Amino acid sequence: KNQVEQSPQSLIILEGKNCTLQCNYTVSPFSNLRWYKQDTGRGPVSLTIMTFSENTKSNGRYTATLDADTKQSSLHITASQLSDSASYICVVSDKDSSYKLIFGSGTRLLVRP
Amino acid sequence: DTAVSQTPKYLVTQMGNDKSIKCEQNLGHDTMYWYKQDSKKFLKIMFSYNNKELIINETVPNRFSPKSPDKAHLNLHINSLELGDSAVYFCASSQGPTRNTGELFFGEGSRLTVL
Chain H
1 KNQVEQSPQS
11 LIILEGKNCT
21 LQCNYTVSPF
31 SNLRWYKQDT
41 GRGPVSLTIM
51 TFSENTKSNG
61 RYTATLDADT
71 KQSSLHITAS
81 QLSDSASYIC
91 VVSDKDSSYK
101 LIFGSGTRLL
111 VRP
Chain L
114 DTAVSQTPKY
124 LVTQMGNDKS
134 IKCEQNLGHD
144 TMYWYKQDSK
154 KFLKIMFSYN
164 NKELIINETV
174 PNRFSPKSPD
184 KAHLNLHINS
194 LELGDSAVYF
204 CASSQGPTRN
214 TGELFFGEGS
224 RLTVL
């Protein structure tokens, strides 16, 4: 069964600190992997999209890595800000389906001053 | 200008009622989607339309009926609402298949509460 699992479920860090969120997936064949940020009460917003041939991608203070062999991805947040408090969702595209994405349940990050 | 807009943002109704949620995108995308986000925060696809044609129907009860009058609009009508329908419903759009890194843009969500 195609699944996306994220850890930790929730995380609290102090402003200015770095953190890393993990994503493991069993989706096969795999086409691309995405990270989304979802603020409370808002829709998800795309941070990065990586194909199987890419192993790192940055968007400002967000850096995603991908290891397609071990089916793992991580999202590293540098110098966290209060506005980084949100849920971060890992999403994998199934190569067999043109339009279907498989979502993880997200990691809830709280950045404290 | 909001790229993907959906209304209403909040909807509280009684069991057995019929309700609709509307969605419009001004990005010129060909494909639109309805997702349901349950209490555990998983987002699951319900329907997808490409150029007004239904391309994904994920075993959703037939009480849910999507309608796409044109490629910029995708509405969701729900008949005979049940308690389990309470969730946040997200509309989204993409230009091209998500298998090909077509970026997915989401609306702000419509929180449906069935009493």
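Quick note, the sequences are listed as chains H and L, same order.
With the numbering used here applied, the first sequence corresponds to residues 1 to 113, in that order.
With the numbering used here applied, the second sequence corresponds to residues 114 to 228, in that order.
Quick reminder that beta carbons are idealized off the backbone N, C-alpha and C, glycines included.
Remember, it's a predicted structure, so these values are computed and weren't measured experimentally.
L110(H) - DSSP class collapsed to helix/strand/coil: Translated into the one-based positions of the first sequence, residue 110(H) becomes position 110. Three-state result, L110(H): strand.
Short CB-CB distance (under 9 Å) between I134(L) and chain H: Residue 134(L) sits at position 21 when you count from the first residue of the second sequence. Interface annotation, I134(L): not in contact with chain H, CB-CB separation never under 9 Å.
DSSP state of D96(H) mapped onto helix, strand, coil: To locate residue 96(H), count along the first sequence from 1; it is residue 96. Looking at D96(H) - three-state DSSP - the assignment turns out to be coil, as it is neither helix nor strand.
The region 138-147 of chain L touching the region 178-197 of chain L, judged by at least three CB pairs closer than 8 Å: Yes, since at least three Cβ pairs between the region 138-147 of chain L and the region 178-197 of chain L fall closer than 8 Å, the two stretches touch.
The beta strand (DSSP E) enclosing F155(L), as first and last residue numbers: Numbered from 1 along the second sequence, position 42 holds the residue referred to as residue 155(L). Following the DSSP letters along the chain, one finds F155(L) in no beta strand (DSSP E), marked with neither H nor E.
Listed by chain order, chain L residues near K100(H) by CB distance under 9 Å: Along the first sequence, read from residue 1 onward, the residue named residue 100(H) stands at position 100. Close to K100(H), with beta-carbon spacing below 9 Å, are these residues of chain L in chain order: I158, S161, I169, E171, T211, R212.
Residues near T20(H) in its chain [Cβ-Cβ closer than 8 Å; skip 5 each side]: Translated into positions along the first sequence, residue 20(H) becomes position 20. Result list for T20(H): S74, L75, H76, I77, in chain order.
Same chain, Cβ closer than 7 Å to K135(L), neighbours up to 5 away in sequence not counted: Position 22 of the second sequence, counted from the first residue, corresponds to residue 135(L). So the list reads Q119, T120, N188, once near-sequence residues are dropped.
Three-pair Cβ contact test at 8 Å for the region 35-47 of chain H versus the region 59-66 of chain H: Yes, the region 35-47 of chain H is in contact with the region 59-66 of chain H.
Interface residues of chain L facing P95(H) [CB-CB closer than 9 Å]: The residue given as residue 95(H) occupies position 95 in the first sequence. The question names Pro, but residue 95(H) in the sequence shown is Lys. By Cβ distance, chain L contributes R212.
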